[in-house]
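Single-structure report; data block below.
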Amino acid sequence: MSTDAIVLLKQDHKEIKALFTKFQSAGENATKLKGKLVEQILEALTVHTYLENECMYPEVRKLLPAVEDDVLESYEEHHVADVLCMELAAMKPTDERFDAKTMVLIENVTHHIEEEEQEWFPKVREGLGRKPLQEMGARMIEMRKKAPRKPSQPGALKKAADAVLA
Ligand SMILES: [Fe+2]
Ligand SMILES: [Fe+2]
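With my numbering as the guide, the letters of the sequence shown map in order to residues 1193 to 1358.
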């Protein structure tokens, strides 16, 4: 299995987008299924955002100043997603705004993933090369074991809080 950080993050993106598709194709009245899917979406996003916030983003920022603006914009996009995830975690699937809020989360994250994959991850691959990305990915595999899985867990919001308090 590859430990390339970008390969691993893109694999996460694929799984997250598959969950989005399932939510979008669930019927209007599939409340229980949609509740389950949102639970899975929140867990996948919490782990993924943690790995980017705590490993990939700060390391890339340090090693490749040319992408600093992309990294900063991405932190802000994570922050918006974090707020929506926190709100959804406190809602019931029967709440009037549950589906609408989930759709806004899906739209935001889909846009964010596209920017990562198309705009700045390619610059990171070119700028850093193979070995640093493999080492970074190996660290992410270790960090994943202890990553927060719920938006409310300590650590899940660290970088978002930093962004507000800095
Ligand atoms: Fe991200
Ligand atoms: Fe990502």
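Positions of the beta carbon are idealized from the N, C-alpha and C atoms, including for glycine.
Quick check on this structure: which residue in Tyr1242, Val1252 and Ile1198 has the alpha carbon closest to the alpha carbon of lysine 1138? Outside the modelled stretch of the chain, which goes from 1193 to 1358, sits residue 1138, for which no answer is possible.
When every heavy atom of ligand 1 is checked, does at least one fall within less than 6 Å of the C-beta of glutamate 1299? On the sequence shown, residue 1299 is found 107 positions in, with the first residue counted as 1. It does not: the Cβ of glutamate 1299 is nowhere closer than 6 Å to a heavy atom of ligand 1.
Comparing the CB of leucine 1201 with every heavy atom of ligand 2, is any distance shorter than 6 Å? For the purposes of this step, residue 1201 is taken as residue 9 along the sequence shown, with counting starting at 1. Yes.
I believe arginine 1253 touches glutamate 1246 by the beta-carbon criterion, under 8 Å. Please report the beta-carbon distance rounded to the nearest angstrom. In the sequence shown, counting from the first residue as 1, residue 1253 sits at position 61. In the sequence shown, counting from the first residue as 1, residue 1246 sits at position 54. Not confirmed; about 12 Å, so no contact.
Is it buried or exposed for isoleucine 1305, if we count other Cβ within 10 angstroms and need 16 for buried? To locate residue 1305, count along the sequence shown from 1; it is residue 113. By the neighbour-count rule (16 or more Cβ atoms within 10 Å), isoleucine 1305 is buried.
Considering only residues of the same chain and omitting the five flanking positions on each side of glutamate 1309, which have a CB-CB separation below 8 Å? Numbered from 1 along the sequence shown, position 117 holds the residue referred to as residue 1309. So the qualifying residues of the chain are Lys1202 and His1205.
Taking only three categories from DSSP, how would you classify threonine 1195? Along the sequence shown, one-based indexing puts residue 1195 at 3. Reduced to three states, the DSSP call for threonine 1195 is coil.
Assigned exposure category for serine 1344 - 16 Cβ within 10 Å defines buried: Stepping through the sequence shown from its first residue, residue 1344 is reached at position 152. Burial call: exposed.
Can you list every residue whose CB sits closer than 6 Å to some heavy atom of ligand 1, going in chain order? Glu1244, Ser1266, His1270, His1304 and Glu1308
How many Å lie between leucine 1369 and tryptophan 1312 at the Cα? Only positions 1193 to 1358 of the chain appear in the structure, and residue 1369 is not among them; the question remains open.
Taking just the CA atoms, how far does proline 1285 sit from isoleucine 1333? Walking along the sequence shown from the start, residue 1333 turns up at place 141. Walking along the sequence shown from the start, residue 1285 turns up at place 93. The alpha-carbon atoms of isoleucine 1333 and proline 1285 are separated by roughly 32 Å.
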